[in-house]
Amino acid sequence: MSADAANTTIGVVSALGTASATWPDELWAGSIAWADAILRSYYGIYEFIDDPRCILRAGLTQARVPVLLSDGTDIQTGELVGTLHFWNEHMPRYSDRGPDLAWACAVRDRATYSLRAFCDYVEGEPGWREVRAIRTETALPARLGAAQIMRVFQRYGFERVVTHSSLLDRLHGLGECFVLWGLTRAFNPAALPRQPFLRDRHELWISRATLRVRYARRHRQVAIAAAPQRRGT
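Okay, here's the thing in structure tokens:
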């Protein structure tokens with residue numbers, strides 16, 4: 006992005022921030038939730054479970070490019086794949102002091118719970134029977150670096166797939182920055198001063214096989230049974 010374009014974008018965001026500050030929180034959150042619902046309907050994103058502890062939504066789409074995952078799963082262009090998206094209203098909020106250990110633990114626990122619930126859904130839903138992989142996109146501050154981002158997501162079984170962005174993809178990414186700014190303003194306002202407007206986008210994938218090994222109910226039961234028992238239990 007050129008310097009002029011970046012300055013223009015920053016100016017627009019500053020104007021939005023000034024204007025939105027005069028809106029009641031309930032009005033802003035309701036307006037953003039309405040717009041987000043329209044986008045989710047367009048892209049076919051839905052709640053796979055009715056549970057306030059779940060921080061993920063899901064959808065189905067077609068792979069845009071061939072993808073070869075580390076476990077040998079070979080996805081072809083046009084193949085049906087799953088998608089995952091954050092359920093923003095259910096994400097733990099920052100405290101006034103910003104992100105702390107309690108917040109990080111809450112996100113970790115909800116992410117694990119959500120992936121387990123998603124795995125149970127995928128295994129039992131006929132419409133997902135042919136799905137061999139799931140993709141998601143994350144937009145995070147560039148200062149974190151790809152290596153640090155991957156260390157976080159690898160803990161959950163995801164791997165980064167490098168893609169070459171077209172002009173249309175970059176414009177779409179800019180639009181997503183506006184959406185993310187609005188969602189943060191609506192559902193986690195304490196995070197807004199700490200989140201840069203422009204963020205790097207990363208495409209992350211997890212194979213169905215890896216999802217099953219890490220999060221399927223039967224594997225969890227085996228792991229619990231194999232865990233060493235405490236004395237006196």
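The working numbering numbers the first residue of the sequence shown as 6 and each following residue consecutively.
Cβ atoms here follow ideal geometry from the backbone N, Cα and C, with glycine treated the same way.
Contacts around residue i, its chain only, beta-carbon distance under 6 angstroms, and the 5 residues preceding and following it disregarded
i	result
Thr168	Glu208
Pro97	Trp108, Ala111 and Val112
Phe53	Ala63 and Tyr126
Arg121	Tyr220
Pro240	No answer is possible for residue 240: it lies beyond the span of the chain, which begins at 6 and ends at 238.
Burial state of residue i, where buried means 16 or more other Cβ atoms lie within 10 Å
i	result
Tyr99	buried
Arg213	buried
Ala138	buried
Leu44	exposed
Trp210	buried
Tyr220	buried
Arg115	buried
CA nearest to the CA of residue i, picked from the options
i	options	result
Gly83	Leu74, Leu89, Thr141 and Val70	Val70
Asp41	His90, Arg219 and Gly129	His90
Ala68	Ile80, Ile54 and Arg160	Ile80
Ala38	Asp76, Tyr51 and Asn93	Asn93
Thr66	Leu106, Trp133 and Gly129	Trp133
7 angstroms Cβ cutoff met for residue i and residue j
i	j	result
Arg58	Tyr118	yes
Gly162	Thr215	yes
Glu142	Arg206	yes
Met155	Arg165	yes
Same chain, Cβ closer than 7 angstroms to residue i, five either side skipped, listed in chain order
i	result
Tyr48	Gly64
His95	Pro57, Cys59 and Ile60
Arg222	Asp125
Nearest-angstrom beta carbon gap, residue j and residue i [assumed within contact, 8 angstroms]
i	j	result
Val136	Val86	6 angstroms
Phe123	Leu73	Not really, about 23 angstroms apart at Cβ, beyond 8 angstroms.
Contacts around residue i, its chain only, beta-carbon distance under 8 angstroms, and the 5 residues preceding and following it disregarded
i	result
Ala109	none
Asp76	Ser212, Ala214 and Thr215
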